[in-house]
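Q: Before I ask anything, here is the structure I am working with.
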Amino acid sequence: MSDDKTTFKRACDHGYLRCETCESVYKQDDCPDECDFCGSPIHQRKPENIARAWAFLIAAAVFVIPANIYPISIFEALGNKSPGTIMDSVIYFFDEGMYGIAIIIGTASILIPIAKLICLAYLIYTAQFGKRSRLRHRTILFRGVEKIGRWSMLDIFVVALLSSLVQLGSLAIIFPGAAATSFCMVVILTVFAAESFDARVMWDQGLKNEINGGKNAER
Amino acid sequence: MSRRIQSDLIICRDCDTIYEYKHTKVRQPVHCTVCGHHLYEKKTRFIHRGFSFALTALILFIPANLFSLINLDKVGNNRNAVVFDGVIDFFRYGKVACGISLFLFCMIFPLIHSFTQAYVCFGLLYKVKLPGMVKALKIHQKVAYWTMIDVYILAFFVVLIKLGDIAHVKLMTGIFFVFAYLIASLAANYACDNVMLWRRLREFTYDE
Ligand SMILES: [Zn+2]
Ligand SMILES: [Zn+2]
Numbered sequence: 007m008s009d010d011k012t013t014f015k016r017a018c019d020h021g022y023l024r025c026e027t028c029e030s031v032y033k034q035d036d037c038p039d040e041c042d043f044c045g046s047p048i049h050q051r052k053p054e055n056i057a058r059a060w061a062f063l064i065a066a067a068v069f070v071i072p073a074n075i076y077p078i079s080i081f082e083a084l085g086n087k088s089p090g091t092i093m094d095s096v097i098y099f100f101d102e103g104m105y106g107i108a109i110i111i112g113t114a115s116i117l118i119p120i121a122k123l124i125c126l127a128y129l130i131y132t133a134q135f136g137k138r139s140r141l142r143h144r145t146i147l148f149r150g151v152e153k154i155g156r157w158s159m160l161d162i163f164v165v166a167l168l169s170s171l172v173q174l175g176s177l178a179i180i181f182p183g184a185a186a187t188s189f190c191m192v193v194i195l196t197v198f199a200a201e202s203f204d205a206r207v208m209w210d211q212g213l214k215n216e217i218n219g220g221k222n223a224e225r
Numbered sequence: 026m027s028r029r030i031q032s033d034l035i036i037c038r039d040c041d042t043i044y045e046y047k048h049t050k051v052r053q054p055v056h057c058t059v060c061g062h063h064l065y066e067k068k069t070r071f072i073h074r075g076f077s078f079a080l081t082a083l084i085l086f087i088p089a090n091l092f093s094l095i096n097l098d099k100v101g102n103n104r105n106a107v108v109f110d111g112v113i114d115f116f117r118y119g120k121v122a123c124g125i126s127l128f129l130f131c132m133i134f135p136l137i138h139s140f141t142q143a144y145v146c147f148g149l150l151y152k153v154k155l156p157g158m159v160k161a162l163k164i165h166q167k168v169a170y171w172t173m174i175d176v177y178i179l180a181f182f183v184v185l186i187k188l189g190d191i192a193h194v195k196l197m198t199g200i201f202f203v204f205a206y207l208i209a210s211l212a213a214n215y216a217c218d219n220v221m222l223w224r225r226l227r228e229f230t231y232d233e
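For the protein sequence lines, the chains are A and B, in the order given. The numbering used here puts the first residue of the first sequence at 7, with every later residue one more than the last. The numbering used here puts the first residue of the second sequence at 26, with every later residue one more than the last.
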């Protein structure tokens with residue numbers, strides 16, 4: 007296994023650079039600072055990727071707490087306010103017997119954000135310390151985390167629709183609660199964290215360790 | 026003319042492996058053998074299709090945002106909803122971040138996304154050198170992740186079912202346009218492979 011992994015030509019070892027926007031490839035000794043074609047800056051790796059990813063991730067993790075404690079929407083009927091957190095709405099759908107929606111909301115607004123935070127923390131940690139196991143799986147995990155992130159906005163849109171629809175004068179209204187902003191921040195910050203992370207870094211570290219590890223084993 | 030660009034090479038985004046760019050047949054996706062990343066895929070008449078679907082989406086975008094999606098009537102009170110109502114409500118209750126997100130993700134970005142694609146594909150299709158095509162494609166690519174009409178539609182169904190037992194919900198014309206818009210924009214996304222689009226644009230810019 008380790009044999010065929012090391013025979014692949016990697017751009018960083020062979021002196022090639024790639025524009026991250028338009029996929030133009032340059033030779034390292036002949037490489038402009040900005041892409042000739044699209045003008046984006048060209049880096050070997052995304053600048054400060056590990057530090058930035060940690061920063062966004064920690065910021066997102068901080069917002070998770072208010073997002074789940076405070077009510078995301080408040081239902082007011084005849085002067086009585088009944089605030090509901092995200093968990094409340096999941097429980098509401100379960101009690102009503104609408105398991106499908108309960109699962110969709112629960113997955114999109116509780117499971118995905120938290121799973122995303124844990125997965126990203128794992129990915130950044132393993133890349134930072136050059137773990138070499140399961141590189142391919144980790145890359146697939148990273149792509150999954152990237153793809154799924156936007157679906158977490160679901161709950162924000164539900165609240166937007168509800169509050170614009172249910173406006174029955176003084177009878178009953180629904181309006182967004184304190185958690186809405188925090189929740190929005192969680193989603194956006196985790197996307198930024200995923201965006202600033204560079205998957206190539208874990209291959210750099212991983213493959214380097216793999217070659218060294220192999221040599222050591224031979225000796 | 027840039028001679029510095031090695032147009033016969035392509036590098037995997039995730040694992041940095043170099044590949045030689047090969048002219049493949051249509052519908053033959055090329056994947057990275059190391060990490061499995063989708064490198065590129067030539068699709069049938071992709072510029073033609075990309076342009077048609079993006080233009081369709083662009084046209085459908087207008088009615089999708091003008092007509093109300095659903096009508097909720099209960100005790101004589103009617104209330105219609107368009108995407109923009111949600112934005113206004115967020116602002117009214119002081120949730121500025123949410124209001125801006127909704128406005129950007131469900132109105133502005135989808136509009137920019139379809140427009141830039143139609144613009145670039147139009148130029149490539151009719152061999153017209155439009156100003157700022159490179160910039161347009163750059164914006165198209167940046168904005169793609171943040172267009173969330175599909176998420177909005179899912180939210181819409183959740184709300185529909187949630188309100189279904191409280192009030193009488195009537196589907197309005199707007200929802201059909203939103204659906205048509207969603208299908209057109211998904212088709213536009215599917216029609217074009219970004220790597221191929223960049224490649225074609227580069228050839229078009231340098232070779233003629
Ligand atoms: Zn470029
Ligand atoms: Zn790869």
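Built from N, CA and C at the ideal position, the CB exists for glycine as well. This one's a predicted model, so the numbers in the text were calculated from it and none came from an experiment.
What three-state label does DSSP hand PHE181(A) in the structure shown?
A: It is a strand residue.
Q: Using a Cβ cut-off of 9 Å, pull out every chain A residue sitting near ARG2(B), in sequence order please.
A: Nothing in the structure corresponds to residue 2(B), since chain B is present only between 26 and 233.
Q: Assign SER88(A) to one of two classes, buried (16 or more other C-beta atoms within 10 Å of its C-beta) or exposed (fewer than that).
A: Its Cβ having fewer than 16 others within 10 Å, SER88(A) is exposed.
Q: Assign ALA83(A) to one of three DSSP states: helix, strand, or coil.
A: The answer is strand: DSSP assigns ALA83(A) an E or B state.
Q: Reducing DSSP to helix, strand and coil, say where THR42(B) ends up.
A: Of the three classes helix, strand and coil, the one that applies to THR42(B) here is strand, per DSSP.
Q: CB-CB under 8 Å to HIS56(B), same chain, minus the five flanking residues each way: which ones, in chain order?
A: HIS62, HIS63, LEU64, listed in sequence order.
Q: Would you say ASP39(B) touches ligand 2, meaning its beta carbon is less than 7 Å from a heavy atom?
A: For ligand 2, at least one heavy atom lies less than 7 Å from the Cβ of ASP39(B).
Q: Answer yes or no: the CB of PHE229(B) versus the heavy atoms of ligand 1, is any distance below 7 Å?
A: PHE229(B): no, Cβ never under 7 Å from ligand 1.
Q: Tell me whether SER126(B) is buried or exposed, calling it buried when 16 or more other Cβ atoms sit within 10 Å of its Cβ.
A: When all chains shown are included, SER126(B) counts as buried.
Q: By a C-beta neighbour count over all protein chains shown, 10 Å radius and 16 as the cutoff for buried, is ASP35(A) buried or exposed?
A: ASP35(A) is exposed by the Cβ-count criterion.
Q: I need the boundaries of the alpha helix (DSSP H) containing HIS20(A), first residue and last residue.
A: Segment 17 to 20, the alpha helix (DSSP H) holding HIS20(A).
Q: Give me whichever residues DSSP pairs with GLU40(A) in a beta bridge.
A: Answer is PRO47(A), bridged to GLU40(A).
Q: Quick one: grab the DSSP three-state call for GLN31(B).
A: DSSP places GLN31(B) in coil when its eight states are reduced to three.
Q: Taking the beta strand (DSSP E) that VAL31(A) falls in, what are its first and last residues?
A: Residues 31 to 33.
Q: According to a CB-to-CB cut-off of less than 7 Å, which residues of the segment 55 to 72 of chain B neighbour chain A?
A: Within the segment 55 to 72 of chain B, the residues whose Cβ lies closer than 7 Å to some Cβ of chain A are VAL59, CYS60, GLY61, listed in chain order.
Q: Is any non-hydrogen atom of ligand 1 found closer than 7 Å to the C-beta of PHE43(A), if you look at the structure I gave you?
A: Result yes, Cβ under 7 Å from ligand 1.
Q: Of the choices HIS48(B), LYS50(B), VAL59(B), GLN53(B), whose alpha-carbon is the least far from that of ARG38(B)?
A: Nearest of HIS48(B), LYS50(B), VAL59(B), GLN53(B) to ARG38(B), Cα basis: VAL59(B).
Q: Expressed to the nearest angstrom, what Euclidean distance is found between the alpha-carbon atoms of ASP9(A) and GLY212(A)?
A: Note that ASP9(A) scores a pLDDT of 43, beneath 50, so its modelled location is shaky and nothing firm can be said.
Q: Could you check the C-alpha separation between LYS6(A) and LEU34(B) for me, to the nearest Å?
A: This structure gives no information on residue 6(A), because the portion of chain A shown stretches from 7 to 225.
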